Each structure stands twice: as structure tokens, then as C-alpha cells.
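Undergrad: In our numbering, the protein residues as written are 57 to 263. All residues carry an ideal CB built from backbone N, CA and C; glycine is no exception. Please read all numbers here as calculations on a predicted model, not as lab measurements.
1. So for residue 171, helix, strand or coil by DSSP?
2. Using the DSSP secondary-structure output, state which residues sit across from residue 96 in a beta bridge.
3. So the alpha helix (DSSP H) residue 103 belongs to, where does it begin and stop?
4. Give the secondary structure of residue 144 by DSSP, where H, G and I count as helix, E and B as strand, and everything else as coil.
5. Looking at the secondary structure, which residues open and close the alpha helix (DSSP H) in which residue 203 lies?
6. The alpha helix (DSSP H) spanning residue 240 covers which residue range?
7. For the alpha helix (DSSP H) holding residue 78, just list the boundary residues, first then last.
8. Cutting at 7 Å between CB atoms, please list the residues of its own chain near residue 166, excluding the five before and the five after it.
9. Identify the continuous beta strand (DSSP E) that holds residue 132 and give its terminal residues.
10. Going along the chain, which residues of its own chain have a beta-carbon closer than 6 Å to the beta-carbon of residue 255, five neighbours each way excluded?
11. Which value, in whole angstroms, describes the spacing of the CA atoms of residue 153 and residue 258?
12. Report all residues from its chain with a CB closer than 8 Å to the CB of residue 72; omit the five preceding and five following residues, and keep chain order.
13. Could you check if residue 70 is buried or exposed, using at least 16 other CB atoms within 10 Å of its CB as the buried criterion?
14. Check whether the Cβ atoms of residue 210 and residue 202 lie closer than 8 Å to each other.
15. Confirm, please, whether the CB-CB distance from residue 164 to residue 98 is below 8 Å.
16. DSSP beta-bridge partners for residue 138?
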């Protein structure tokens with residue numbers, strides 16, 4: 057699955073995000089930011105596939121592209137899209153577009169089911185009863201990237217982080233839940249649902 061047509065209205069956000077992430081990643085690798093649960097990644101080269109356990113998280117690429125494989129299905133995402141894993145999930149990841157001149161740049165925002173439940177409390181998205189696959193790729197939107205950019209900017213104003221970071225993090229996740237697959241994400245957080253039991257089983261296997 058790939059969503060590779062970039063909406064012109066998000067180009068400016070992606071450009072500024074790329075500049076800021078590049079400034080906070082002086083070398084290749086994963087770099088924690090001053091904002092809790094927010095990480096930046098840089099790679100100057102296409103890498104071999106790597107096995108990992110993804111925490112519940114939102115991943116946004118601002119330069120380059122990557123493929124995530126779960127079982128027999130592969131999901132390609134790039135600056136036109138974002139990836140959400142609402143549960144701990146074993147993934148094979150491969151950076152497919154990167155160079156020293158235009159390195160792969162991305163961010164990852166980890167979250168917990170509790171914050172998802174709190175955001176949708178009283179107004180949950182309509183669920184069709186089908187269990188999702190635990191990995192979701194959707195088109196990026198200006199409203200989502202606007203909130204993400206404001207969160208990333210906090211890395212340069214650490215005095216604002218304790219008050220503003222929790223608020224903006226909730227806004228980012230709210231924008232994700234407003235998307236076309238918001239219900240699929242929410243179902244994994246609901247205690248007692250079939251998807252929740254799958255999530256619990258995955259976490260038990262991981263432990």
C-alpha cells in the first residue's frame with residue numbers, strides 16, 4: 057500500500073519539519089528530543105531490512121521513504137502519508153529512499169491507549185465491527201502537520217514543554233483520530249473488544 061501523491065498544501069509544513077529535524081539529528085540514527093515520547097531519525101543511506109517491535113506510535117516521514125512489512129503485507133509511506141501502529145507490533149522496516157545529499161528524515165511520537173480513550177471519551181468514532189490489522193497508513197493533512205510542527209518547535213523552547221507538550225500531543229492524536237481510519241485506531245484501545253484482546257496477546261508475547 058502506498059499513498060505517494062503529495063498535496064501542495066502540505067509541502068511548506070514538510071519543508072520546515074525537514075529543516076528542524078535535520079538540525080536536531082547531527083548524525084545518522086535515532087535521536088530523542090526534549091519533548092517526551094518524541095523521537096527523530098536520520099539516515100544518509102538506504103538500509104537493509106531491520107526487525108523491530110514498534111511501540112504504539114505515529115510515524116511521519118518528512119524526507120525519503122520507508123516500507124514496513126507485517127506478515128505478508130507491506131506498507132510504503134513517505135512525505136505524503138503517515139503510519140500508525142496502535143499496538144506493540146513486530147515489523148520489518150526498510151528505508152527505501154535516502155542519500156547523503158537528501159537524507160531520510162522522520163519523527164516518531166509514542167502514545168498509550170489511555171490517551172486515545174481519553175480523547176474519544178463521549179464521542180467515539182463509529183466502528184463497523186471489523187478488526188484492523190494493527191498498522192495503518194493514511195494521507196497526511198495540513199491540520200495534522202500544523203499540530204506536529206508546533207510540537208516539534210517545542211524542542212527549541214524547553215521552558216514551554218511541561219505545559220504545552222501534553223496539549224499539542226493530544227491535538228496531534230485528535231487529528232489522527234479524525235482521519236478516515238480513526239475508528240480502526242480507537243478499537244485497539246477499548247477494553248473488552250476483540251481488537252483489544254489481540255493487543256493484549258501481542259504484548260504478552262513480546263514480554
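TA: This is what the structure gives:
1. Against the chain shown, residue 171 aligns to sequence position 115. The answer is helix: DSSP assigns residue 171 an H, G or I state.
2. Stepping through the chain shown from its first residue, residue 96 is reached at position 40. The partner list for residue 96 (beta bridge, DSSP) reads 87 and 163.
3. Taking the first residue of the chain shown as 1, we reach residue 103 at position 47. Element bounds for residue 103: n/a, residue is neither H nor E.
4. Here residue 144 refers to the residue found at position 88 when the chain shown is read from its first residue. Judged by DSSP in its simplified three-state form, residue 144 adopts coil rather than helix or strand.
5. The residue you call residue 203 lines up with position 147 of the chain shown. 198-209 is the extent of the alpha helix (DSSP H) around residue 203.
6. On the chain shown, position 184 is the one that residue 240 refers to. Unbroken alpha helix (DSSP H) run through residue 240: 238-243.
7. Taking the chain shown and counting its residues from 1, the one referred to as residue 78 is at position 22. It spans 67-80 - the alpha helix (DSSP H) in which residue 78 sits, taken as one unbroken run.
8. If you number the chain shown from 1, residue 166 lands on position 110. Excluding five sequence positions before and after residue 166, the CB atoms of its chain that fall closer than 7 Å to its own CB belong to 93, 111, 112 and 113, given in chain order.
9. Here residue 132 refers to the residue found at position 76 when the chain shown is read from its first residue. Run containing residue 132: 129-133, per the beta strand (DSSP E) assignment.
10. Residue 255 sits at position 199 when you count from the first residue of the chain shown. For residue 255, where only same-chain residues beyond five positions count, the Cβ hits under 6 Å are 143 and 244.
11. Here residue 153 refers to the residue found at position 97 of the chain shown. Here residue 258 refers to the residue found at position 202 of the chain shown. Cα to Cα, the separation comes out at about 30 Å.
12. For the purposes of this step, residue 72 is identified with residue 16 of the chain shown, where counting begins at 1. The answer, listed in chain order, is 205.
13. Residue 70 sits at position 14 when you count from the first residue of the chain shown. Under this definition residue 70 is a buried residue.
14. For the purposes of this step, residue 210 is taken as residue 154 along the chain shown, with counting starting at 1. For the purposes of this step, residue 202 is taken as residue 146 along the chain shown, with counting starting at 1. Result no, Cβ atoms of residue 210 and residue 202 do not sit closer than 8 Å.
15. For the purposes of this step, residue 98 is taken as the residue at position 42 of the chain shown. For the purposes of this step, residue 164 is taken as the residue at position 108 of the chain shown. No. Outside cutoff.
16. Locating residue 138 in the chain shown gives position 82, where the first residue counts as 1. In the DSSP output, where bridge partners are listed per residue, residue 138 has 116 and 194.
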